[in-house]
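Letter by letter, the sequence shown follows residues 0 to 331 in numbering that gives the first Met the number 0.
Every residue gets a Cβ at the ideal spot worked out from N, C-alpha and C, and that includes glycine.
Take a look at the structure set out below.
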Amino acid sequence: MDVSIGRRGAILFPHSVCVDGHEDGCLFRFITHIHADHIVDLDKSAIYCKHVIATPITLDILKVMGYTIPTNKAIALNYGQSMNIDQNGWLKLSVAKADHIPGSAQVVLDTKDVCIGYTGDFRAPGIRTEILKDLDTLVVDATYGDPSYVRENEDAIMNEFVKLLKKLLTEGPVAIYAYHGKINDVMLKLRQWGIDAPYILSSSQWNIYCVLNRHGYGTSDVFHQGSREAEEIIRSGWYIEFALTSRYSFLRRRKGISHVLVTGRYGKTVVRLGGSWVVGLSGHADFNELVYYVDEARPRLLIVDGYRSQYAHIFSSYVKSSLGIEAVVKPF
0 MDVSIGRRGA ILFPHSVCVD GHEDGCLFRF ITHIHADHIV DLDKSAIYCK HVIATPITLD
60 ILKVMGYTIP TNKAIALNYG QSMNIDQNGW LKLSVAKADH IPGSAQVVLD TKDVCIGYTG
120 DFRAPGIRTE ILKDLDTLVV DATYGDPSYV RENEDAIMNE FVKLLKKLLT EGPVAIYAYH
180 GKINDVMLKL RQWGIDAPYI LSSSQWNIYC VLNRHGYGTS DVFHQGSREA EEIIRSGWYI
240 EFALTSRYSF LRRRKGISHV LVTGRYGKTV VRLGGSWVVG LSGHADFNEL VYYVDEARPR
300 LLIVDGYRSQ YAHIFSSYVK SSLGIEAVVK PF
């Protein structure tokens with residue numbers, strides 16, 4: 000059975016299943032996580048699909064982000080859970096853990112003839128991301144599918160990040176910029192690494208934090224910007240505020256506060272750029288992790304997502320030549 004990737008990034012499984020996008024005829028839409036390139040055309044899916052499926056965390060976050068999915072269409076599946084999408088029980092959709100941002104998931108469609116999976120975005124395969132095995136076809140994210148994208152391990156990066164923050168906090172407040180979900184990941188990690196400065200969140204990030212707090216992703220000393228407590232903390236000059244990456248270019252012009260951009264799209268661990276800092280902390284697998292995942296999974300056919308990666312052809316060629324696994328790029 001053919002698996003393809005649509006012109007707007009939808010992963011098209013057989014039996015009218017679409018993942019992270021929408022195409023005409025799609026009856027079941029699965030969402031791996033909340034990032035923009037994975038919720039394309041969600042409004043169309045909410046109208047035309049029979050069901051829109053995601054983890055409970057993802058569905059709850061989408062709600063506070065302003066997306067409306069009719070209650071009778073939304074189906075929450077947690078890791079390890081599955082649902083039949085036909086009356087005979089021959090078509091089963093299953094959810095597996097992916098470590099990217101809170102709520103991230105992988106998806107598997109099991110039919111009486113074939114088994115097909117899609118990784119979505121992930122990191123730490125075999126540790127915090129389950130490796131999908133015994134598949135006929137695996138669709139893989141290859142954001143960092145070039146051999147030059149090999150990072151230091153996360154502990155080394157966090158060690159440098161924490162040293163930088165401790166220094167900056169002696170000078171004044173710090174603003175950290177990251178993507179949705181990545182902000183919450185960073186908040187938790189910094190607490191685990193001993194950073195105890197209060198956190199200040201804008202209304203949009205506060206709403207997401209409240210959802211994650213209900214799902215067990217809360218931490219200490221988090222305050223809503225504009226609240227009385229937050230105003231007192233801001234006057235003290237010792238705090239960390241979090242904002243979206245999209246606000247970085249505008250907000251970094253502010254004086255009296257240090258600016259730190261957290262992104263995986265930078266090869267260095269920590270570097271100063273102008274008056275700001277960039278920390279190379281990624282939510283995506285690097286090249287070695289991608290190779291490890293595919294080598295462990297060993298599907299009969301690997302489809303590399305060429306819609307979301309400029310290195311898809313490089314990674315596909317490497318898999319064929321070095322791992323001996325049939326691999327193609329889609330869209331072609």
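Can the beta-carbon of residue i be found closer than 9 Å to that of residue j?
| i | j | result |
| --- | --- | --- |
| residue 2 | residue 28 | no |
| residue 10 | residue 19 | yes |
| residue 151 | residue 278 | no |
| residue 97 | residue 121 | yes |
| residue 301 | residue 315 | yes |
| residue 176 | residue 99 | no |
| residue 183 | residue 208 | yes |
| residue 200 | residue 249 | no |
| residue 180 | residue 291 | no |
| residue 194 | residue 256 | no |
Roughly how far, in whole angstroms, is the beta-carbon of residue i from the beta-carbon of residue j, given that I think they are within contact range, below 8 Å?
| i | j | result |
| --- | --- | --- |
| residue 109 | residue 91 | 5 Å |
| residue 47 | residue 25 | 7 Å |
| residue 105 | residue 218 | With 8 Å as the limit, residue 105 and residue 218 do not qualify as a contact, their Cβ atoms being about 26 Å apart. |
| residue 285 | residue 139 | Not really, about 14 Å apart at Cβ, beyond 8 Å. |
When you compare each of the options to residue i by their alpha carbons, which one comes out closest?
| i | options | result |
| --- | --- | --- |
| residue 317 | 268, 233, 145, 197 | 145 |
| residue 14 | 162, 156, 107 | 107 |
| residue 204 | 191, 270, 223 | 223 |
| residue 137 | 298, 8, 128, 307 | 298 |
| residue 93 | 75, 86, 87 | 75 |
| residue 147 | 288, 327, 123, 5 | 288 |
| residue 252 | 85, 174, 5, 261 | 174 |
| residue 95 | 85, 232, 54, 260 | 54 |
In or out: residue i buried (at least 16 other Cβ within 10 Å) or exposed?
| i | result |
| --- | --- |
| residue 61 | buried |
| residue 202 | exposed |
| residue 197 | buried |
| residue 129 | buried |
Would DSSP call residue i helix, strand or coil?
| i | result |
| --- | --- |
| residue 64 | coil |
| residue 293 | helix |
| residue 361 | The displayed coordinates of the chain run from 0 to 331. Any statement about residue 361 would go beyond what the structure contains. |
| residue 55 | helix |
| residue 248 | helix |
| residue 205 | helix |
| residue 322 | helix |
| residue 96 | strand |
| residue 39 | coil |
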